[in-house]
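Counting the sequence shown from 1 gives a position; my numbering is that position plus 1. Every residue, glycine too, gets a C-beta built ideally from N, C-alpha and C. Below is one structure; the comments refer to it alone.
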Amino acid sequence: MPAVADSPSPALKRRKPNPWVKRFKSPIHNNGLFAAGTIPEGTRVIEYVGEKITKKVSYRRAVERIDQAQRTGGAAVFIFELNSKYDVDGSVRWNPARMINHSCDPNCETRVVKGHIWIVALREIEPGEELSYDYGYDIEHWKEHPCRCGRPDCVGYIVRHDQRKKLKRLLKKQKKQSRAKSGKK
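Take a look at the structure:
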């Protein structure tokens, strides 16, 4: 079954630039989105847009892109859960929100509102500050997602907030086992 035909109209692809954000090189990863001015807490900063696809198509694309990334290092998965039936593939050029990086101490969060995925400011964001949100990855594949956010509470891997303590314990256990094998205390 082909993807659900929910591509935006040409008018949507030619949207006016978002007044809240600017794109720059990111110290976290590649490019990022940064506040163009002060963004008040609670502001819907930018919509995460893309092609609306079924879960089956979503799974297939994610596997293909992960395989490509492992072979070439050049692919990324920008698939976002919309609801129980559909996801949004945000890998399209006309989705600047795909450039928002993960942080273990984010200044934004995602909210699905009436079928639209919004990036919303959790607090006031200062001009020039990089926008970030918690990608919410499950702990199952933690080794595949190193985190470079640099925050003091960063565990070094992108896992959702409620699983970070579990990952810290796992990393501590692995470190202890590694020291035992090498004969160090």
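Is it right to say K53 is buried, meaning 16 or more other beta carbons lie within 10 angstroms of its own, or is it exposed?
Numbered from its first residue, the sequence shown carries residue 53 at position 52. Classification for K53: buried.
Taking Cβ positions, are E1 and F35 nearer each other than 8 Å?
The question about residue 1 has no answer, for the chain in this structure spans 2 to 186.
(Q) On a Cα-Cα basis, can you pick out the residue from R99, K56, K173, C148 that is closest to S85? (A) In the sequence shown, residue 85 corresponds to position 84, counting from 1. Measuring from the Cα of S85, the nearest candidate turns out to be K56.
task: Could you tell me whether the Cβ atoms of W119 and R45 are closer together than 8 Å?
output: Against the sequence shown, residue 119 aligns to sequence position 118. Against the sequence shown, residue 45 aligns to sequence position 44. Result yes, Cβ atoms of W119 and R45 sit closer than 8 Å.
Checklist entry - How many angstroms separate the CA atom of A122 from the CA atom of I40? => result As a first step, residue 122 is located in the sequence shown; it is residue number 121 there, counting from the start. As a first step, residue 40 is located in the sequence shown; it is residue number 39 there, counting from the start. Their Cα atoms are separated by approximately 7 Å.
Notebook entry, point to check: Which term fits H162, buried or exposed, when burial requires 16 or more other beta carbons within 10 angstroms of its beta carbon?
Noted result: Here the question's residue 162 lines up with position 161 in the sequence shown. Exposed, because fewer than 16 other Cβ atoms sit within 10 Å of the Cβ of H162.
- Could you give the distance in angstroms between the alpha-carbon of I126 and the alpha-carbon of N108? For the purposes of this step, residue 126 is taken as residue 125 along the sequence shown, with counting starting at 1. For the purposes of this step, residue 108 is taken as residue 107 along the sequence shown, with counting starting at 1. If you draw a straight line from the Cα of I126 to the Cα of N108, it comes to about 7 Å.
* **Residues that F81 bridges to, as DSSP identifies them** => Indexing the sequence shown from 1 puts residue 81 at position 80. Bridge partners of F81: V89.
- Query: So what's A122 in DSSP terms, helix, strand or just coil?
  - Reply: Residue mapping note: residue 122 aligns to position 121 of the sequence shown, counting from 1. A122 falls in the strand class under three-state DSSP.
Check: In chain order, what residues of the same chain lie with their CB nearer than 6 Å to the CB of C150, ignoring the 5 residues before and after it?
Finding: The residue you call residue 150 lines up with position 149 of the sequence shown. So the qualifying residues of the chain are I29, S104, C105.
Exposed or buried, which one is M2 when buried takes at least 16 other CB atoms within 10 Å? What you label residue 2 is simply residue 1 of the sequence shown in a count that begins at 1. At M2, the pLDDT of 38 sits below 50, so the modelled position is not reliable; the number obtained from the coordinates is stated separately. The residue is exposed, with fewer than 16 neighbouring Cβ atoms inside 10 Å.
Item to complete: Report buried or exposed for N1, applying the criterion of at least 16 other Cβ atoms within 10 angstroms of its Cβ.
Response: No answer is possible for residue 1: it lies beyond the span of the chain, which begins at 2 and ends at 186.
* Going by DSSP, name the residue or residues bridged to N102. => Taking the first residue of the sequence shown as position 1, residue 102 is located at position 101. Paired residues: S133.
Please classify P20 as buried or exposed, where buried requires at least 16 neighbouring CB atoms within 10 angstroms. Sequence index remark: in the sequence shown, residue 20 carries index 19 (1-based). Exposed, since its Cβ has fewer than 16 Cβ neighbours within 10 Å.
I67 (DSSP reduced to helix, strand or coil): Taking the sequence shown and counting its residues from 1, one reaches residue 67 at position 66. Three-state DSSP puts I67 in a helix.
Practice prompt. Could you spell out where the alpha helix (DSSP H) holding A181 opens and where it closes?
Written response: Here residue 181 is taken as the residue at index 180 of the sequence shown, counted from 1. 165 to 183 is the extent of the alpha helix (DSSP H) around A181.
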